[in-house]
Structures are given as structure tokens and as C-alpha cells.
């Protein structure tokens with residue numbers, strides 16, 4: 002309670018943390034990693050920095066897939082008191098860089114050869130105007146199914162290869178009295194699931210045109226209409242209490258066997274890991290049916306702010322630690338994601354992690370690595386927010402038909418451009 006009160010007080014005062022010379026051996030980090038799996042992963046970095054003599058000042062802001070954290074960050078930056086670094090997604094780092102608020106860690110990047118080991122798709126979001134302004138922490142992909150193996154065995158289910166297979170599997174769970182689909186009724190979760198539905202329904206080229214290129218004809222097409230129809234089918238398999246549920250509570254439903262499957266990014270695997278569950282024995286990880294061969298990704302990055310000179314050594318230590326091979330392996334094993342550098346061996350990763358690393362490599366080479374629109378990597382934040390708004394209205398019945406949903410989506414994206 003005291004911790005919450007302190008964070009609330011800091012929010013109210015614009016996060017007016019003073020930066021004094023004596024604070025030079027401290028890293029102040031704003032983030033939204035507050036679930037069990039996420040906190041365990043972040044602890045790896047805290048320990049690495051502690052070995053180098055740096056204290057860790059935690060500024061956690063829970064909820065909403067990071068939206069409340071970004072509100073808090075805006076207040077800190079506006080007050081002239083930016084953190085050493087902040088967790089952020091996609092275009093947010095570029096927006097702050099365009100506003101002149103980010104630091105320049107290019108010297109570290111050049112010395113350590115980041116450009117040779119970080120995929121070009123990630124560099125698009127960490128380099129601005131030729132300068133490195135952020136460090137990628139991981140690569141998450143969203144087009145996954147997470148399945149309770151005991152429930153799967155009980156209902157005699159097999160890996161669904163098509164969308165129709167998935168519906169048949171959900172029907173089996175329903176007939177067995179198990180909640181078929183665990184979902185948290187929050188806009189970012191619903192839109193994250195819809196990313197996979199659109200890729201499955203329309204294929205890789207359609208996803209790219211619609212959700213990365215924002216091609217008008219694709220957005221208003223019959224394929225998009227069918228995607229909304231397929232989303233509507235999925236929503237019929239959630240339990241009545243799904244509205245407002247946090248994502249990790251939906252994951253817990255699958256872990257406990259109260260539900261069969263969750264469609265979620267691979268941060269969900271961090272929760273299975275924290276619960277001491279093993280892939281192949283306790284749970285199964287499959288690509289969302291119809292999306293194998295493609296990866297819809299997001300990447301957590303640490304945006305490095307333009308801090309005073311007495312804080313730059315701590316910032317440099319954080320940057321180096323974050324992209325070190327040892328941290329990239331140790332952190333991502335716990336987090337459920339895969340490394341943000343391509344030269345980290347998969348030795349320490351479980352079966353799902355090994356598949357994730359192999360899938361990323363293949364998608365990067367084939368040109369089927371696509372930014373998640375729901376997660377802020379497909380298009381700038383205003384468009385991503387407009388997208389999430391339309392999807393959640395459709396899921397919760399405020400938009401009644403797929404025809405209406407397509408019309409509203411096109412209008413919302415046009416208005417947000």
C-alpha cells in the first residue's frame with residue numbers, strides 16, 4: 002500500500018525526482034512489467050546492474066498494455082525530470098526523439114557493433130536520424146496459442162492447422178464443460194487476438210497491406226469483413242466474466258486448467274515459466290492456425306532519455322547490460338520472448354523458445370516479419386489506438402455487424418492519419 006501511495010504521490014507531482022550528483026550510481030526505470038513472470042525477468046537486469054554497483058530505482062505503472070505508464074512518462078518528461086530509461090513500444094521512442102527528448106547512445110552502439118546483430122526491423126524503432134536512441138530488449142510475437150495439455154488430452158484434441166480446426170477444438174472444450182477461450186476483455190488484448198485473426202484469414206501479404214501499409218482497399222475489403230466475422234465466432238467461446246480481465250489472469254485460467262486456450266503474445270509463456278510449467282508436459286505452444294511461417298512482432302525497447310551529465314554513466318551501463326549476450330539469453334528465457342540480437346544461441350531456451358527463435362530467423366529472411374498493429378509496431382500510436390477502439394467496440398457489441406466494423410475501421414484510421 003505504501004508503495005502505491007508513493008507512486009501516486011510521484012505521479013501527482015509530475016514525478017519530480019531530483020537528479021543529484023550522489024545519484025550517479027542509480028538507474029531509474031519506468032515500466033509496466035508487474036506480473037509475476039515479468040517481474041522475475043526484470044530482476045535479471047537489476048542483478049546484472051547491482052554487480053556493477055548501480056542501484057535500481059523502480060517506477061512501475063501497471064495495467065493497460067503500457068498505456069497508463071506512457072501517461073506517467075509524459076508527465077515526467079513535461080516536468081523536466083525524465084527517467085534514465087523507460088520501457089516503450091514502437092513509435093513512442095521515435096516520437097520522443099522527434100521532440101528532442103532522447104539521448105544519443107550511438108557511441109556505445111558503434112563500439113559494440115549493434116547494427117550487425119539487431120534485425121533491421123527493430124533498428125527502425127531504435128535509431129532516429131542516424132542516432133541510436135533506444136535499446137531493444139527482446140522480440141515478442143503475438144500469433145501464438147497457449148494450451149493446457151491435460152485439458153487437450155482429456156478432450157482428445159490435436160494441433161489446429163486451420164481456423165475451422167480451431168473452432169472444432171473450441172467446440173470440444175465447450176462440450177467437456179471447460180471454458181474454451183481465455184480472454185481479457187481489454188482493448189489491447191482483443192486487438193492483439195485480431196492481429197492473428199487477420200493474418201490467418203487474409204494471409205501474409207494481406208496483413209502487410211492492411212495493417213502495415215494501411216492500404217485503403219485492403220482495409221475495406223471482403224477479407225477484412227470475413228476477419229471480423231471470424232473474430233465474432235471466437236468471442237462466442239469466452240466466459241461471461243471476461244470483460245476487464247487482466248491478461249495474466251486469463252493466462253492463469255489456462256495454467257490451472259479452467260480454460261483450454263489463450264491467444265496471446267509469448268509474454269504469456271513467462272507466466273507458465275513462473276508457475277514451473279514445462280512445454281510439452283504441462284502446456285503446448287502452437288502458432289495461431291493459418292499463420293505458421295509468419296511472425297507478427299513487437300519489441301520492448303528501453304528509450305534512453307537526454308539526462309544530465311551525472312546520470313549518463315548509469316545510462317551507458319544500462320544500455321550495455323541490456324544488449325549483452327548473457328542478459329539477452331537469461332532475460333528472454335524467463336520473459337517468454339526471444340533475444341533482440343540474432344547471435345544468441347538457443348541452448349538455454351525451452352521448446353517454445355527454440356521455435357520462437359527459429360521462426361523469427363525464418364520470417365526475417367523470408368520477409369514475413371510484420372509489425373503488430375495492436376502492439377504499436379504496425380503504425381503510429383494514433384492509428385493503433387483507433388484500431389483498438391473499433392475492435393473493442395465490435396467485441397462488446399457496440400458495433401453490431403462486420404460491415405459496420407469495416408466502415409468504422411476505415412473511418413477511424415483515416416481520422417487518425
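Residue numbers (our numbering): 2 to 418.
Idealized CB from N, CA, C, for every residue including glycine.
Predicted model, so just to flag it, every value in this text is computed and none were measured.
Query	Result
Do the stretch 285 to 293 and the stretch 63 to 71 touch if we need at least three Cβ pairs shorter than 8 Å?	no
Roughly how many angstroms separate the alpha carbons of residue 20 and residue 312, rounded to a whole number?	Residue placement at residue 20 is poorly supported in this model, since its pLDDT is 42, which falls under 50; the coordinates are not used for a value here.
Using C-beta distances below 6 Å, list every residue in its chain close to residue 378, excluding the 5 sequence neighbours before and after it, in chain order.	91, 299 and 372
In the structure shown, what three-state DSSP assignment does residue 316 receive?	helix
When you compare the stretch 310 to 327 with the stretch 148 to 160, are there three or more beta-carbon pairs, one atom per stretch, that lie closer than 8 Å?	no
With residue 69 as the anchor, note down where its alpha helix (DSSP H) starts and where it stops.	68 to 79
Are residue 148 and residue 254 closer than 9 Å when you measure CB to CB?	no
Just to confirm, are residue 435 and residue 58 a CB contact at a threshold of 9 Å?	Lying before the first or after the last residue shown, residue 435 is absent from the chain, which here runs from 2 to 418.
Helix or strand or just coil, what does DSSP make of residue 132?	strand
What is the rounded straight-line gap between the Cα of residue 89 and the Cα of residue 74?	10 Å
Would you call the stretch 273 to 281 and the stretch 222 to 230 touching, i.e. three or more CB-CB distances under 8 Å?	no
Would you mind listing the beta strand (DSSP E) stretches within the stretch 214 to 291 that are 3+ residues and don't spill past its ends, in chain order?	260 to 264 and 284 to 288
Checking 9 Å against the spacing of the C-beta atoms, do residue 343 and residue 330 come in under that value?	no
Compute the distance between the beta-carbons of residue 124 and residue 393, then report whether it is under 9 Å.	no
Looking only at DSSP bridge pairs, what is residue 183 linked to?	263
Using a Cβ-Cβ cutoff of less than 6 Å, which residues in the same chain neighbour residue 382 once the five nearest sequence positions on both sides are dropped?	92
Can you check which of these residues, 345, 98, 118 and 167, is closest to residue 262 by C-alpha distance?	167
Where do the N-terminal and C-terminal ends of the alpha helix (DSSP H) with residue 103 fall, by residue?	Per DSSP, residue 103 belongs to no alpha helix (DSSP H) and is neither H nor E.
If you draw a straight line from the C-alpha of residue 170 to the C-alpha of residue 240, how long is it?	16 Å
From the DSSP secondary-structure annotation, give me the bridge partner or partners of residue 397.	DSSP, once it has assigned bridges, lists no residue as partnering residue 397.
Would DSSP call residue 59 helix, strand or coil?	strand
DSSP beta-bridge partners for residue 371?	297
What are the boundary residues of the beta strand (DSSP E) that residue 28 is part of?	27 to 32
Under a three-way DSSP split, which group does residue 338 fall into?	coil
From residue 339 to residue 269, what does the alpha carbon distance come to, in whole angstroms?	13 Å
Report the rounded CA-to-CA distance for residue 4 versus residue 34, giving the unit in angstroms.	Residue confidence for residue 4 is low, a pLDDT of 41 falling below 50, so the modelled location carries little weight; the figure read from the coordinates is stated next. Between residue 4 and residue 34, the C-alpha separation is close to 15 Å.
Where does residue 36 fall in DSSP's three states?	coil
Between the alpha carbons of residue 176 and residue 403, how many angstroms are there, rounded?	27 Å
Could you compute how far the alpha carbon of residue 209 sits from the alpha carbon of residue 396?	23 Å
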